[in-house]
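Chemist: Residue numbers (our numbering), protein chains in the order written: chain A, 10 to 24; chain B, 127 to 273.
Backbone N, C-alpha and C define an ideal beta-carbon position, used for all residues, glycine too.
Starting off with a structure, shown below.
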Amino acid sequence: ATSFPDDSDEDLLKV
Amino acid sequence: MAAPPEEESLESHINRATNPLNRELEWESIQTFCEKLNKDLEGPQLATRLLAHKIQSPQEWEALQALTVLETCMKNCGKRFHSEVGKFRFLNELIKVVSPKYLGTRAPEKVKLKIVEVMYSWTIGLPDETKIADAYQMLKKQGVVKM
């Protein structure tokens with residue numbers, strides 16, 4: 010079974 | 127005895143492609159890394175983690191070779207890799223290298239310049255990866271990028 014590619018992400022880093 | 131190239135892991139390919147002892151760019155290893163990352167379902171995710179780690183190396187030549195691998199893969203490896211690189215999870219690692227608040231004060235100048243160059247080229251070449259443009263704009267606004 011091919012798992013759905015994970016498209017979770019983080020927030021943009023604040024500099 | 128070393129495993130035959132086919133079964134070697136992404137990690138061994140990236141280690142060979144970015145070895146600081148390389149006298150010149152290891153194009154064969156770079157090519158193999160690109161091909162292999164595309165074959166595995168988790169390839170793009172693992173590849174970006176490995177590349178981020180190498181790009182953050184204090185050794186200039188190791189980081190520059192890793193950036194060449196990144197550039198080559200962005201040109202050859204297709205959509206799945208683009209969308210992985212186009213995530214803040216990876217872009218944040220590049221931002222840390224150029225930002226004085228993180229690694230920027232210790233990172234080699236050439237590496238920081240190359241990161242800004244490749245990010246800028248992606249904002250032109252990959253307009254639908256909007257997070258790349260967001261990250262680049264933020265760096266410009268913060269004066270980290272001086273054009």
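Could you please give the first and the last residue of the uninterrupted alpha helix (DSSP H) stretch that includes B:Gly169?
Modeler: Taken as a continuous stretch (DSSP letters only), the alpha helix (DSSP H) holding B:Gly169 covers 169-181.
Chemist: Under 7 Å Cβ-Cβ, which residues of chain A neighbour B:Ala311?
Modeler: As shown, chain B starts at 127 and ends at 273. That puts residue 311 of chain B outside it, with no answer to give.
Chemist: Apart from the five residues just before and just after B:Leu265, which ones in its own chain have a Cβ nearer than 6 Å to its Cβ?
Modeler: Only Val271 meet the Cβ criterion.
Chemist: For B:Ile250 versus A:Leu22, is the C-beta spacing smaller than 9 Å?
Modeler: Taking 9 Å as the Cβ cut-off, B:Ile250 and A:Leu22 do not qualify as a contacting pair.
Chemist: Taking only three categories from DSSP, how would you classify B:Asp260?
Modeler: Of the three classes helix, strand and coil, the one that applies to B:Asp260 here is helix, per DSSP.
Chemist: Which first and last residues belong to the alpha helix (DSSP H) in which B:Thr231 is found?
Modeler: Premise fails: B:Thr231 is in no alpha helix (DSSP H) and is neither H nor E.
Chemist: When DSSP labels each residue in this structure, what does B:Gln157 get in the three-state scheme?
Modeler: Helix, per DSSP.
Chemist: Pick helix, strand or coil for B:Glu219, following the three-state DSSP scheme.
Modeler: Three-state result, B:Glu219: helix.
Chemist: Just curious, the alpha helix (DSSP H) that B:Gln191 is in, first and last residue?
Modeler: Here the alpha helix (DSSP H) through B:Gln191 covers 186-202.
Chemist: State yes or no: is the beta carbon of B:Gln157 nearer than 9 Å to at least one beta carbon in chain A?
Modeler: Not an interface residue.
Chemist: Going by beta-carbon coordinates alone, are B:Leu136 and B:Leu172 separated by less than 9 Å?
Modeler: In this structure, B:Leu172 lies closer than 9 Å to B:Leu136 by Cβ.
Chemist: Give the residues of chain A in contact with B:Pro270, contact being defined as C-beta atoms less than 9 Å apart.
Modeler: Contrary to the premise, residue 270 of chain B reads as Val rather than Pro in this sequence. Within 9 Å Cβ-Cβ: Val24.
Chemist: Determine contact between the region 197-209 of chain B and the region 159-171 of chain B, defined as no fewer than three beta-carbon pairs at a distance below 8 Å.
Modeler: Flag = yes, the region 197-209 of chain B and the region 159-171 of chain B touch.
Chemist: Judging by CA-CA distance, which residue of B:Gln182, B:Glu152, B:Leu163 is the nearest neighbour of B:Glu134?
Modeler: Among B:Gln182, B:Glu152, B:Leu163, the Cα nearest to that of B:Glu134 belongs to B:Leu163.
Chemist: Considering only residues of the same chain and omitting the five flanking positions on each side of B:Thr194, which have a CB-CB separation below 8 Å?
Modeler: Excluding residues within five positions, the ones whose Cβ falls inside 8 Å are Leu151, Ile156.
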